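Novice: My questions will all concern the structure given below.
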Amino acid sequence: MTHPEGGFYSAEDADSEGIKGKFYVWSPDEIMEILGQKDGEWFCQYYGITPEGNFEGKSIPNRIHTQNLAHENEGVIAPLREKVFAARERRVHPHKDDKILTSWNGLMIAAMAIVGRVLNKPQYTKAAQKALDFILENLINEDGRLLARYRDGDAAYLAYLDDYAFLVWGLIELYQTTFDAEYLHKAIEFNKNMLDLFHDKENGGLFLYAKDGEKLIARPKEVYDGALPSGNSVAALNMLRLARITGDYHLEEKAYNQLNAFASIVQKKSFSTLIFSNGGYIGIISNKGDSFSWR
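164 is the number that our numbering gives to position 25 of the sequence shown; each next residue is one higher, with no gaps.
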């Protein structure tokens, strides 16, 4: 799911050859055929591959019940896993959606940077850095405007709010993992561009579409946090974090204004705005009126 130059692809089908999960599931007999009886039995035990299966009669390899075997057996299991992986690569692959989206890559960059920092796994930090380099190299046009989608050498569509907000999040996490000031400078730059392009100067908050984008009947502002967070939620947290990192009082005021713009919605629909509510790590939602009280 990674482009050779670093960007992350979008998705992969569940089906291959018309069967859901066929590429990923195994039976004990298939494992024995690859590894032989002794190693095959050990591999099946390690990854929970059983005759009954855990998905429609076959097994998705997992470590749910064997986590305690992790460290002492990694040297034994690693070469077996490579053999099984090689066998899987000979199967018919599911269709891959190889679009590279700026917004989703921003989320991946943030996640990889956090994992690299928390688990002290530099390979994940490097993956985040490589993905960021891909975005900066391929998804900024000649006018310096961020773009939303790349595929087969073609970058297109002016970036939306989510693209900017999620990319800034990734840059902040990379800065906090590496303390390379260039990532902080880029985060500040893209955050400024985001405010210039999307900010609603009259009512607060950020529009989904930029002022230089296509002219639609309405410019919505999304704050719902579902499977993905909203751009407004992530932008609020980004501004709070950048303000605290840099000591920029004006940026902190903008962060408070961003939170206040949606305070009444958050109070009424708190479970649908959980990421936005994380702004409360420096304050609490006031029960009076439509504003936030800060501490």
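Just so you know, even glycine gets a beta-carbon here, dropped at the ideal spot from N, CA and C.
Fair warning: this is a prediction, and the values are worked out from it, not measured in the lab.
1) Please name the residue or residues paired with Ser155 in a DSSP beta bridge.
2) Would you kindly work out how many angstroms separate the C-alpha atoms of Ser411 and Gly160, rounded to a whole number?
3) Thinking Leu381 and Asp387 are a contact (beta carbons under 8 Å), I'd like their distance in whole angstroms, please.
4) Where DSSP assigns a beta bridge to Thr447, which residues make up the other side?
5) Closer than 7 Å by C-beta to Gly145: which residues in its own chain qualify, once you throw out the five before and the five after it? Chain order, please.
6) Can you grab the Cα-Cα spacing for the pair Leu355 / Phe346, in whole Å?
7) May I ask you to verify whether the region 254-268 touches the region 190-204, counting CB pairs closer than 8 Å and requiring at least 3?
8) Is Ser416 helix, strand or coil when you go by DSSP?
9) Nearest CA to the CA of Ile199: which residue from Gly214, Phe182, Asp364, Val215?
10) At the level of alpha carbons, what is the spacing between Gly283 and Phe329?
11) Tell me the rounded alpha-carbon separation between Ala298 and Ala287.
12) For Leu310, collect the residues of the same chain with a Cβ closer than 8 Å to its Cβ; drop the 5 residues on either side in sequence, then sort them by chain order.
Specialist: Looking at the coordinates:
1) Answer is Ile158, bridged to Ser155.
2) So the two alpha carbons sit approximately 31 Å from each other.
3) 7 Å
4) Since the first residue shown for the chain is 140 and the last is 434, residue 447 is missing from the structure and cannot be characterised.
5) Lys269, Ala270, Asp272, Phe273.
6) 12 Å
7) Contact fails: fewer than three Cβ-Cβ distances are below 8 Å.
8) helix
9) Phe182
10) Each residue's CA atom was taken as its position, placing Gly283 and Phe329 some 10 Å apart.
11) About 4 Å.
12) These residues qualify, in order along the chain: Ile248, Leu271, Tyr322, Leu323, Lys325, Ala326, Phe329.
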